[in-house]
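Down below is the structure, laid out as structure tokens.
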Amino acid sequence: MIWCSLEACRNFGTPADDPIRWKSWFEERGFESVTEEVYKVPLSPWPTDKRLKLIGIWWQYLLLNYSDSMMLRPFTKGLGWSEAQVLVLSALFKRDLRNPDIHAYFEFYVVYGRKPKDLAH
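With the first letter of the sequence shown counted as 1, position 111 gets the number 167 in the numbering used here; the numbers rise by one all the way through.
What follows is the structure in structure tokens.
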């Protein structure tokens, strides 16, 4: 599914893989001391760590309740899918999200740096 979601977002004009380029974009624009932090965020309560388990509970709730609307526009406008096709994909996604044997996560990128000296006042 990852390939079609990347293609859907790219075609829709919101590339989902932009975060992997953020650090280089900062550096190309002259930012200094650029730091990239990547966090693995669980999509369900599978982790044993209490904090990550709570994060997984919240993400699972969010995705179970809002994945239809989050997927609809990129897939219909970006890939030309029908609403029914998107809802079927969303239902399969929700089924897998509830499966305790699937330990899914996404990478959350945080990038920051100092303003270039020539721009600092």
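Idealized CB from N, CA, C, for every residue including glycine.
Just the C-alpha distance for residue i and residue j, rounded to the nearest angstrom, thanks.
{"i": "residue 116", "j": "residue 162", "result": "12 Å"}
{"i": "residue 67", "j": "residue 133", "result": "8 Å"}
{"i": "residue 78", "j": "residue 85", "result": "11 Å"}
{"i": "residue 139", "j": "residue 127", "result": "10 Å"}
{"i": "residue 141", "j": "residue 166", "result": "33 Å"}
{"i": "residue 125", "j": "residue 174", "result": "44 Å"}
Name the one or two DSSP bridge partners that residue i has.
{"i": "residue 149", "result": "Answer is none; residue 149 lacks a bridge partner."}
{"i": "residue 92", "result": "167"}
{"i": "residue 82", "result": "BP columns for residue 82 are empty, so no partner."}
{"i": "residue 162", "result": "97"}
Can you list, in chain order, the residues of its chain with a C-beta nearer than 7 Å to that of residue i? Leave out the 5 residues immediately preceding and following it.
{"i": "residue 65", "result": "71, 72, 130 and 134"}
{"i": "residue 83", "result": "90"}
{"i": "residue 97", "result": "111, 115, 161, 162 and 164"}
{"i": "residue 169", "result": "82, 87, 88, 89, 90 and 91"}
Where does residue i fall in DSSP's three states?
{"i": "residue 98", "result": "strand"}
{"i": "residue 87", "result": "coil"}
{"i": "residue 137", "result": "coil"}
{"i": "residue 69", "result": "coil"}
{"i": "residue 106", "result": "helix"}
{"i": "residue 75", "result": "helix"}
Please list, in chain order, all residues of the same chain as residue i whose beta carbon is under 6 Å from its beta carbon, the five residues on each side excluded.
{"i": "residue 109", "result": "101 and 103"}
{"i": "residue 75", "result": "165"}
Compute the beta-carbon to beta-carbon distance between residue i and residue j, rounded to the nearest angstrom, for a pair I have assumed lies under 8 Å.
{"i": "residue 172", "j": "residue 93", "result": "Rounded, the Cβ-Cβ distance is 21 Å, inconsistent with contact."}
{"i": "residue 119", "j": "residue 153", "result": "6 Å"}
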